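Okay, structure first, notes after.
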Amino acid sequence: MAMSNSYLRAMEKVRVRFAPSPTGGLHLGGVRTVLYNYLFARKHLGDFVLRIEDTDQHRFVSGAEDYIVECLKWCGLVPDESPTQGGPYAPYRQSERKSSYLAYAEQLVAAGHAYYAFDTPEELDEMRARYKTEENPSPQYDSKIRMHMKNSLTDPEKAKQLIAEGVPYVIRIKMPEHEDVSFTDLIRGEVHFNTGQSDDKVLLKADGMPTYHLAVVVDDYLMKITHAFRGEEWLPSAPAHILLWKYLGWEKNMPQWAHLPLILKPDGHGKLSKRDGDKLGFPVFAMNWTDPKTGDLTEGFRERGFLPEAFVNLLAMLGWNAGTEQELFSLEELVAQFSIERVHKGGAKFDFEKAKWFNHEWIKKSSGERLLPDVKIYFEKAGIPAADDLLLRVIDLVKERCTLLPDFVEQGGFFFRRPASYDLESFRGKWTGDKTSFFKTYIEKLQALEKWEFANMELLFKELAAEKNIKAGELLAPLRIMLVGAKFGPPVFTISEMLGKGETIARIEEVLQQLGE
RNA sequence: GGCCCGUUGGUCAAGGGGUUAAGACAUCUCCCUUUCACGGAGGAAUCACGAGUUCGAAUCUCGUACGGGCUACCA
């Protein structure tokens, strides 16, 4: 049975967009916004577009756009239309659409919904200083004070003259003094605002670039966006955007809004920032990001050793759940089960421990073949040559002990090279000549062993221990250390079997030697 | 300050008038494992507060408190 969704308009293809500004690394919250957009689009057989909002020349960072594209690719959230792929509504970079915004701004001025303003930054500061009081610490350029400023409302003739002279100006929206603006947010329901509380936001900047406020409505209209998901921080400016849709005469086409809850700091309060990650020791960006100006490197989830499947999974669960006990979801399962109505209203504190749990679960449920290429990278990085066939077996053997990808090197590295050191101290105190002779005999027996299988070695080991009257338990720990270097890893005879006869014997001999026997 | 949004264990959360208020992470105890994990069993721990509506409120209403967001020619 088809589900009837009140938020789906008949005969209209669902189109959503992710619209980041290329100013730096891609934050957890950003990726989650992409995810929800993507899931919604796929679920409703719609389009997912990537639009770059690079209208602020001061904050633009080169390389950031490529980085974002790469992040989406890593996560498997590839857009249908984007600056690099193009699409029917190209260009997808707002800087390249610059010429289209002025006309809309002027249309608004002509209709009396916007006006030219000539106040310099200094004059704006002055205004804020002048009106600042205890009760009003942040005065706004709004309906109450605009008549005291330098604009086409206070002096239309002068404005014409200034424009003719080429004096720089901005275009600001004229917010009604007292009007109720309300809309239905897909997550929050009815939200009401009084326009008297909002400021006359700048729509078009002096450099001719639109601000986010103008650009987002013009482009959402032009690109036929039907559903707009964005972070909760945008809620306060929503009334201005809604008014713009109305003033531009596009109200019927306005997308349905959904303001996503924020991802908050694990300790204390506020939204999660890059700095929290640095401080608390976990990544906040999807992938490593190097600031081109300072050269500072900020770690990403990918480089920390997260699987994209796990990263996407944990992000999905930060603010949404299926209403069942299921917590592990593949992208496909998320597409099938996602519903915007089940997204929470409240923000979620980020918990890195839980994030690691997701990765651990994904490592456990992934096949060796899936893991091999990712694990290989870490072996190469550690300078350990590892043949695929052996590495595959090692991965399957140790994956339940690995939480992050680099753990494979620690958990499986000893299969490929001798331990750098042996934890001799853990058994040295209890070492006796009997034990030395035990291992020497054991080597001989191993040497003669025909079928190199763990069961045979184990039997041999236990029989010999009984013969020498030593408890097997007291011998097992040293054997493990001889083979692994420390007390961890899979069952010791399994390790021995994989190591092979020559290497097993060599390691035992090496430790015997180090013990001075 | 103003406006807006939010509030179920330490964290993520289910539940939307009647429940012993699910589950997961973390934590603690035990079992399994002659290592480390995995796995299993169990414990501790929650409806911010106050009124109201109701036979009955975690669930509905209103206040209060607390938290957060916004308050730029940034997004």
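Residue numbers (our numbering): 657 to 1173.
Glycine included, each C-beta is placed from N, C-alpha and C at the ideal position.
The structure presented is a predicted model; accordingly, all values stated were derived computationally and were not measured.
Sheet register partners of His915 (DSSP bridge): His915 is bridged by DSSP to Arg886.
Backbone secondary structure at Val672 - three-state DSSP: strand
Cβ contact (3+ pairs, closer than 8 Å) linking the segment 831–847 and the segment 806–816: no
Inside the segment 1115–1158 only - alpha helix (DSSP H) runs reaching at least 4 residues: 1128–1140, 1148–1155
Asp1044, enclosing alpha helix (DSSP H) - first and last residue: 1044–1054
Alpha helix (DSSP H) segments (min. 4 residues) lying fully within the segment 1070–1115: 1081–1084, 1089–1104
For Leu780 and His804, the rounded distance between their alpha carbons: Roughly 11 Å between the two C-alpha positions.
Contact check, Leu695 vs Leu974, beta carbons under 7 Å: no
Presumed contact (8 Å Cβ cut-off) between Phe1071 and Leu1155, rounded CB distance: In this structure Phe1071 touches Leu1155 by the C-beta definition: roughly 7 Å separates them, less than 8 Å.
Stretch-stretch touch, CB-based, cutoff 8 Å, three pairs: the segment 1052–1062 with the segment 1020–1038: They touch, by the three-pair rule.
Element boundaries [beta strand (DSSP E), containing Tyr663]: First-last for Tyr663: undefined, no H or E at that position.
Short Cβ contact (7 Å threshold) for Pro895 with Phe849: yes
Per DSSP, cross-strand counterpart(s) of Asn693: Answer is none; Asn693 lacks a bridge partner.
Coarse secondary structure for Ala766, derived from DSSP in three states: helix
Cβ-based burial, His1016 [other Cβ within 10 Å; buried from 16]: buried
Helix, strand or coil at Tyr877 according to DSSP, with G and I counted as helix: helix
Residue range of the unbroken beta strand (DSSP E) whose run includes His848: Under the DSSP assignment, His848 falls in the beta strand (DSSP E) whose first and last residues are 845–850.
Simplified DSSP state of Val940, which is helix, strand or coil: coil
Buried/exposed call for Leu1047, threshold 16 Cβ in 10 Å: Counting Cβ neighbours within 10 Å, Leu1047 comes out buried, since at least 16 surround it.
For Trp913, the nearest candidate out of Arg671, Ser1022, Gly937, Tyr757 (CA to CA): Arg671
Selected residue, minimal CA-CA separation from Tyr692, among Lys1124, Glu1114, Ile996: Ile996
Any 3 or more C-beta pairs closer than 8 Å across the segment 750–767 and the segment 704–719: yes
DSSP three-state assignment for Gly956, whether helix, strand or coil: strand
Limits of the alpha helix (DSSP H) - the one that Leu900 falls within: 894–903
Distance CB(Arg673)-CB(Val705) smaller than 7 Å: yes
6 Å CB neighbourhood of Tyr797 in its chain, flanking five on each side removed: Asp855, Asp856
Minimum C-alpha distance to Glu1166 - residue among Glu1153, Gly1141, Pro1146: Gly1141
Unbroken stretches of the alpha helix (DSSP H), 4 residues or longer, contained in the segment 978–1043: 987–993, 1008–1021, 1024–1037
Assigned secondary structure, Ala720 (DSSP; H/G/I helix, E/B strand, else coil): helix
Whole-angstrom distance between Val717 and Gln741, CA atom to CA atom: Between the alpha carbons of Gln741 and Val717 lies a distance of about 21 Å.
Which listed residue (Ile724, Val940, Ser1152) has its alpha carbon closest to that of Phe1117: From the listed residues Ile724, Val940, Ser1152, the smallest Cα separation to Phe1117 is found for Ser1152.
Contacting residues, own chain, Cβ-Cβ under 7 Å from Glu726 (five flanking each side not counted): Here the set comprises Met943.
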